Amino acid sequence: MDQRYNFADPALRDLSISERTSYIRKVFGLVLVGLLVAAAGAQVGMSPSILPLVAGSPFISFLLLIGMVIWAQKASNGPKAIPIFYGFTFVAGAVIAPVIYVTTHQLGGSQILANAMLLTGLNVVGLAAFSWFSKKDFSFLGGFLFIGLLTLIGAQLLNLFFFKSSSMVMATSIVGALLFNGFLLYDLSRVMNSSRQIPPTVAALTLFLDIFNLFLFILRIMGGNRD
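Here the sequence shown stands for residues 793 to 1019, numbered as in this note's numbering.
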């Protein structure tokens, strides 16, 4: 689900400083509302009538998310772009409802969830501030992050089908959290410091996915510490 725009594309429009500030505010506003919509989706997903459906069909849920990501990117400049983006965030929240349900129904689970949300928020704010004030170009991280993502997925699949090790789950969760901090820094830098504009919904979708995955890895780490 990591399809990204190329900021070197000549079709992308140059931005003045005032336009860039307005653009950043719009992107961050979309992300913030998207996270709230995802929280609503998770709440709906935990309802007694929906939870068994989501928990019982993870593969279908994953395919639905992939399809909505592709749809959101294809409609990035159209009138349906924002509704599709919010539709995706709602579905994403509903898909992780089983994870949230299990966490909150364990001893101290609600505190784990709150701590994971707080730590994720602190990471986002810290990296956004660093990217804004440093004005550094982190595009060089792209290749390393992509290789890291492929390696992480491979390790998770090996553990899922062969090793089945709880220690490896914890290790891949730690690596995943670090990796998506890197993706977040990379994408924040592109959105905040580039002189080129990509569609706001695409930028918001990319940042949302970074935050979404970072939160899940942090939640898994904190949940593992309670075992």
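Don't be surprised by glycine CBs; every beta carbon is placed ideally from N, CA and C.
Given the structure is predicted, the values throughout are model-derived calculations rather than measurements.
- Pairwise C-beta distances place the stretch 821-838 in contact with the stretch 992-999, as three or more of them are shorter than 8 Å.
- Restricting attention to I858, L845, A884, the CA atom closest to the CA of L828 is found in A884.
- In the assembly as shown, L845 is an exposed residue. Its beta-carbon has fewer than 16 other beta-carbons within 10 Å.
- Taking G940 as reference, the option from D929, A889, S965, I842 with the minimal CA-CA separation is S965.
- Around the beta carbon of S853, a 10 Å sphere encloses 16 or more other beta carbons of the protein chains shown; the residue is thus reported as buried.
- Selection E811, S839, D929, I1003 evaluated against V917 yields I1003 as nearest (Cα-Cα).
- If you look at A867, you'll find it isn't in any alpha helix (DSSP H); DSSP assigns it neither H nor E.
- The beta carbons of I1010 and T912 sit about 6 Å from each other, so the pair counts as a contact at 8 Å.
- If only uninterrupted alpha helix (DSSP H) runs of at least 4 residues are considered, those enclosed by the stretch 929-1004 are 933-950, 958-985.
- CA-to-CA, the gap between V961 and A921 works out to about 31 Å.
- Burial state of A908 is buried, judged by a 10 Å Cβ sphere holding 16 or more other Cβ atoms.
- Under the three-state reduction of DSSP output, S902 falls in the helix class.
- In the three-state DSSP reduction, S853 falls in the helix class (H, G or I).
- Judged by DSSP in its simplified three-state form, S841 adopts coil rather than helix or strand.
- Straight-line measurement puts the Cα of A867 at about 9 Å from the Cα of T993.
- Around the CB of T943, fewer than 16 other CB atoms lie within 10 Å, so the residue is classed as exposed.
- S849 and F938 have their alpha carbons spaced roughly 28 Å apart.
- Taking C-beta atoms as the reference points, V983 and I816 count as a pair closer than 8 Å.
- DSSP places I888 in no alpha helix (DSSP H); its state is neither H nor E.
- Relative to Q835, the option among A889, P871, F954 whose CA is nearest is A889.
- The beta carbon of I874 is closer than 8 Å to those of L822, T993 in its chain, skipping five residues each way along the sequence.
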